[in-house]
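Numbering (the working numbering), first residue to last: 108 to 377.
Just so you know, even glycine gets a beta-carbon here, dropped at the ideal spot from N, CA and C.
Step one of this worksheet: look at the structure below.
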Amino acid sequence: MTFEKNSLPEDPTLSQVATASVTASTPGAAAPVLSVVVPVKNEAENIEPLVTEIVSALRGTVAFEIIYVDDGSTDETTSIVRQLRQSVEELHLICHEKSCGQSIAVLTGVKNARGDLIVTLDGDGQNDPADIPQLLERYRAEGDNACVLIAGWRANRHDTAMKRIQSRIANKVRGGLLKDETPDTGCGIKLFRRDDFLAFPRFNHMHRFLPALMLRDGGKVYSVAVNHRPRLRGTSNYSMMNRLWVGIVDIMGVMWLQARAKAPVVKSKE
């Protein structure tokens, strides 16, 4: 387990899943290397600014696609993504018929992704897409097809004091019980291989336990300091109370999975 605290980039100026619409790829288009998966629910005001930043950070750097998974929004989220698709060729949309939660939305995006590598971003604009290239560079330093999770670390968080205290307590409890040695599992920006993610046990809220699941399967986890921004538009869809009580049950479940894990070392193939 390695922690890397890089200099933080400055703020930019700027299973019940019903897939109502899955956008087909452009015929003949090259498959993307990287799929950016963004789960959203009622984030209409944040769609266009975030898509613009993702395109600015990645276009000309790596072949990519952007997959927005609308988890049962009741605002204009879906229509705004559809409008943007007319001018952003890398953008795709998947809609859940009803809300299934963030982890299931991420799973939907990863299952439909074409890239071998996945980056997840929260849809509220607090993660900075400008950090994606440094996560990709850190992954590539491990070599091709490495079983590695690169986790964002919000070393300088722009949240309320109460939210920071709650997160610090949650990270301490989770880290003490799961021994995942990751300072910030709640950070939405993470990079990993698609195949590694799809091999993990699937359960609701699993996105909060990706480091522990990666270590359980014999992989490595590196935490890299990333930029974190205040929420400028919209409101959070998650409260501390539902995270707290559900999290306690989930931690016990992940501990059970860890206790029964086997990670064989392949001696030879013939």
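Beta-carbon contacts of residue i that lie in its chain and below 6 Å, excluding the five residues immediately before and after
i	result
Gln50	A question about residue 50 goes unanswered here, because the residues of the chain that appear run from 108 up to 377.
Gly179	His203, Lys205 and Ser206
Val145	Tyr175, Leu228 and Gly230
Cys294	Gly259 and Arg261
Met348	Bear in mind that a pLDDT of 49 at Met348, under 50, signals an unreliable position, so the number given afterwards is only what the model happens to contain. Nothing listed; no residue qualifies.
Leu243	none
Inter-residue spacing [alpha-carbon to alpha-carbon] between residue i and residue j
i	j	result
Gln233	Trp260	13 Å
Glu204	Leu285	34 Å
Phe310	Thr292	16 Å
Leu320	Phe299	12 Å
Ala368	Gln209	25 Å
Ser132	Val361	Annotation note: pLDDT 44 at Ser132 (below 50); position unreliable, no value reported.
Leu191	Cys254	34 Å
Thr159	Ala220	20 Å
Leu141	Ser375	31 Å
Trp363	Arg189	42 Å
Ala258	Val213	15 Å
Phe316	Ile296	13 Å
His314	Gln193	31 Å
Ala138	Ala306	22 Å
Arg340	Val147	13 Å
Leu157	Pro236	8 Å
Val195	Val162	8 Å
Arg430	Ile211	Residue 430 lies beyond the range of the chain shown here (108 to 377); nothing can be said about it.
Val331	Pro290	10 Å
Ala170	Val143	11 Å
Asn197	Arg166	Per the sequence presented here, residue 197 reads as Glu, with Asn not at that position. One C-alpha to the other measures close to 9 Å.
Ala248	His312	29 Å
Glu377	Leu256	29 Å
Thr215	Arg264	28 Å
For residue j and residue i, believed in contact at Cβ under 8 Å, the rounded distance
i	j	result
Ala151	Ile187	5 Å
Asp238	Asn334	6 Å
Val328	Pro337	Actually they do not touch by this definition, with Cβ atoms about 27 Å apart.
Gly222	Glu288	In fact, because the Cβ distance is near 28 Å, the residues do not count as touching under 8 Å.
Phe304	Ile225	6 Å
Leu200	Asp182	Going by Cβ atoms, the distance from Leu200 to Asp182 rounds to 15 Å, so no, they are not a contact pair.
Val373	Arg301	With a Cβ gap of about 21 Å, Val373 and Arg301 do not count as contacting.
Asn149	Thr184	6 Å
Collapsed DSSP secondary structure at residue i in the structure displayed
i	result
His335	strand
Val188	helix
Arg264	coil
Met347	Confidence at Met347 is low in this model, with a pLDDT of 49, below 50, so its placement is unreliable and the value that follows should be read with caution. The answer is helix: DSSP assigns Met347 an H, G or I state.
Ser128	Below a pLDDT of 50, predicted positions are generally treated as unreliable, and Ser128, at 41, falls in that range; no measurement from the model is reported.
Phe299	strand
Ala370	coil
Ala253	coil
Beta-carbon proximity list for residue i, same chain, < 7 Å, skipping 5 on both sides
i	result
Pro240	Ala164 and Thr168
Ala370	Asp324 and Gly325
Asn153	Gly230, Asp231, Gly232, Arg340 and Gly341
Cβ neighbours of residue i in the same chain (closer than 8 Å, five flanking residues each side left out)
i	result
Glu155	Ile187 and Leu191
Pro308	Leu320 and Leu364
**OP:** Scan the stretch 132-179 and note each continuous alpha helix (DSSP H) run of 4 residues or more that stays entirely inside, going in chain order.
**Re:** 151-165, all fully within the stretch 132-179.
| Whole runs of the alpha helix (DSSP H) within the stretch 211-249, excluding any shorter than 4 residues | Listed in chain order, they are 239-247.
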